[in-house]
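Let me begin by presenting the structure, written as structure tokens, before commenting on it.
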Amino acid sequence: MCIGVPVQVISPGQWFAKCRDRHGELIDVDIRLVAPPLAGAWLLTFGGAARREMDEAEAAEVLAALDSLEQAMLTQSDPLTGFADLLSRTPELPEHLKKMTISPQNPVCLLADKGFLITDAQTLPSLINAHPTLLVLLQSDPNKHPEVADSWVIIPEILKQFPATSYTAAFADSEQSELIAREYRILKYPALLFFRQHRFVGSLAGLYSWQEYSQRVAALLTTPGYRQDIPVITQ
Numbered sequence: 258m259c260i261g262v263p264v265q266v267i268s269p270g271q272w273f274a275k276c277r278d279r280h281g282e283l284i285d286v287d288i289r290l291v292a293p294p295l296a297g298a299w300l301l302t303f304g305g306a307a308r309r310e311m312d313e314a315e316a317a318e319v320l321a322a323l324d325s326l327e328q329a330m331l332t333q334s335d336p337l338t339g340f341a342d343l344l345s346r347t348p349e350l351p352e353h354l355k356k357m358t359i360s361p362q363n364p365v366c367l368l369a370d371k372g373f374l375i376t377d378a379q380t381l382p383s384l385i386n387a388h389p390t391l392l393v394l395l396q397s398d399p400n401k402h403p404e405v406a407d408s409w410v411i412i413p414e415i416l417k418q419f420p421a422t423s424y425t426a427a428f429a430d431s432e433q434s435e436l437i438a439r440e441y442r443i444l445k446y447p448a449l450l451f452f453r454q455h456r457f458v459g460s461l462a463g464l465y466s467w468q469e470y471s472q473r474v475a476a477l478l479t480t481p482g483y484r485q486d487i488p489v490i491t492q
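Residue numbers (the numbering used here): 258 to 492.
Here is the structure:
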């Protein structure tokens, strides 16, 4: 089991940040999947890599919960006895998360709520013609490829750096993504396709560091459209 652990940034770097963990030790944390943090910021980490920034109040709550769990494990032969009231309950998601079940066909809640349009192989051509700059996120099964689920969080955050009026973003589910990928010769997921002046100008396949992804997106957002016979795939 991998538990999210808050750490506080002491000295940020380009790829790694020197952080203080819950025991006061200094550790190096991979920050390539988050926006560059400032000294003093709190990060939620999994396995030594930062996944998102958190505020001080949230960090304090998580740290308190971890301390309580650790204490229970040290003082009781069976730590579960400290959670007796939970043992008889049937696990159930909170109401606001029930509709967010991750499946190959259902990234809808995370992406649609962030302004992404839904497209498929049939409607994509009309979408390309309707928008001067269009970005289309293709994906595969997130249960087999966890980086696909990561892209639902990371890519919208990357795009916040650019004016919302400078592009339109869309996504397709895994089944439709496969059909679209065949046309544009995409072999790796997640993949972000770029269309400018109603023509395909390139793609970003897989996940990159925050800085590299930002630079590549900026370049493709300003690439002029051209007549495409063979897709250009940026890897």
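Beta carbons are placed, not taken as given, at the ideal position from N, Cα and C, and that holds for glycine.
* Straight-line gap, ILE359 to ILE412 (C-alpha atoms, nearest Å) -> For ILE359, the pLDDT reaches just 44, beneath the cut-off of 50, and the residue's location in the model is therefore unreliable, leaving the point undetermined.
* To do: Could you please give the first and the last residue of the uninterrupted alpha helix (DSSP H) stretch that includes ILE411?
  => 403-416
* GLU282 by DSSP, collapsed to three states: which one? -> For GLU282, the secondary structure class from DSSP, reduced to helix, strand or coil, is coil.
* Asked: How is ASP430 classed by DSSP in three states: helix, strand or coil?
  -> DSSP places ASP430 in coil when its eight states are reduced to three.
* DSSP-derived helix/strand/coil call for THR380 -> coil
* Rounded straight-line distance, which links the Cα of ASP370 to that of HIS353 -> Any reading at HIS353 needs caution, since the residue's pLDDT is 43, under 50, leaving its predicted position unreliable; the model's value is listed next. Taking the Cα positions, HIS353 is about 13 Å away from ASP370.
* In its own chain, which residues sit with a C-beta less than 6 Å from the C-beta of HIS455, not counting the 5 before and 5 after it? -> ILE385 and ASN386
* Asked: To the nearest angstrom, how far is it from the Cα of LEU450 to the Cα of LEU395?
  -> 8 Å
* Asked: Below 8 Å between beta carbons: does that hold for ALA314 and VAL266?
  -> no
* Asked: Taking DSSP as the reference, what is the three-state secondary structure of GLN328?
  -> helix
* Asked: In the structure shown, what three-state DSSP assignment does VAL474 receive?
  -> helix
* Assigned secondary structure, ARG439 (DSSP; H/G/I helix, E/B strand, else coil) -> Reduced to three states, the DSSP call for ARG439 is helix.
* **Other residues of its chain near SER268: CB distance less than 6 Å, five sequence neighbours each side excluded** => For SER268, where only same-chain residues beyond five positions count, the Cβ hits under 6 Å are LYS275.
* Let me know if LEU331 comes out buried or exposed under the rule of 16 or more other beta-carbons within 10 Å of its beta-carbon. => Under this definition LEU331 is an exposed residue.
* Residue of TYR424, GLU414, GLN271 and PHE457 minimising C-alpha distance to THR390 -> TYR424
* Can you give the beta carbon distance from ASP287 to ALA306, rounded, assuming they're within the 8 Å contact cut? -> Separation of the CB atoms of ASP287 and ALA306 is rounded to 4 Å, and the pair is thereby assigned contact status at 8 Å.
* Excluding five sequence neighbours on each side, which residues of the same chain lie with their C-beta closer than 7 Å to the C-beta of SER471? -> ILE415 and GLN418
* Asked: For PRO403, is the classification buried or exposed, using 16 other Cβ atoms within 10 angstroms of its Cβ as the cut-off for buried?
  -> The residue is exposed, with fewer than 16 neighbouring Cβ atoms inside 10 Å.
* Cβ neighbours of LYS445 in the same chain (closer than 7 Å, five flanking residues each side left out) -> So the list reads ALA462 and GLY463, once near-sequence residues are dropped.
* Helix, strand or coil for ILE375 per DSSP? -> It is a strand residue.
* **Cross-strand partners of ASP287 (DSSP beta bridge)** => PHE273 and ALA306
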